[in-house]
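Scroll down for the structure; my scribbles are underneath it.
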Amino acid sequence: GLSPGVGANGRSASRVTPGPPENRARADRAWAGWAHGPRRRSFQGSQGRAYLFNSVVNVGCGPAEERVLLTGLHAVADIYCENCKTTLGWKYEHAFESSQKYKEGKFIIELAHMIKDNGW
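No gaps in the numbering here: position 109 of the sequence shown is 110 in the numbering used here, and each next residue is one more.
What follows is the structure in structure tokens.
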């Protein structure tokens, strides 16, 4: 179930205990990632295919920095498994181009860093 927690950025975050676990960090198999299906599936991360999510669980968030991605300049913060600290993707803090504003506040998880117990 859900229990209150605080993310690495100091903001309130939902912590989910497994039951049954479906999404795990590849490095330590800790239950982390997303609580619901992806918002969009057609993204490219630095390690290959990636999905965009509205929310994530058991994931910490590092400091934001500006990066030039395939779709332009964004302010993003790396996200990582709270258990093993493996980087899983990033959070879009700010999009500088109006066509990319829909990404703000959403999360990219690269599939190379994750295991989904019941298949993709």
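The beta carbon of each residue, even a glycine, is placed where N, CA and C say it ideally should be.
Please read these numbers as outputs of a predicted model, since none were measured by experiment.
Per the DSSP calculation, residue i is bridged to which residue(s)?
i    : result
C82  : V60
Q45  : R50
L74  : V69
E111 : A51
K92  : A78, F108
Using a Cβ-based criterion (distance less than 6 Å to any ligand heavy atom), does residue i qualify as near the ligand GTP?
i   : result
L74 : The ligand GTP is not part of the structure shown, which contains no ligands of any sort.
Could you round the C-beta distance between residue i and residue j to whole angstroms and report it? I think they count as a contact, below 8 Å.
i    : j   : result
V60  : E83 : 6 Å
K107 : L53 : 5 Å
G46  : G90 : 6 Å
Among the options, whose alpha-carbon lies nearest the alpha-carbon of residue i?
i    : options               : result
R68  : E111, E94, M115, H114 : E94
L112 : T87, K102, E105       : T87
L1   : F44, Y103, H114, M115 : Past the boundaries of the shown model lies residue 1; the chain is included only from 2 to 121, so the question cannot be answered.
P64  : D79, N55, R50, A51    : D79
Y103 : N55, H114, C62        : N55
Y81  : I109, E105, E66       : I109
message = For the pair the stretch 63-79 and the stretch 92-109, tell me if three or more CB-CB distances fall below 8 Å.
response = Yes, the stretch 63-79 touches the stretch 92-109.
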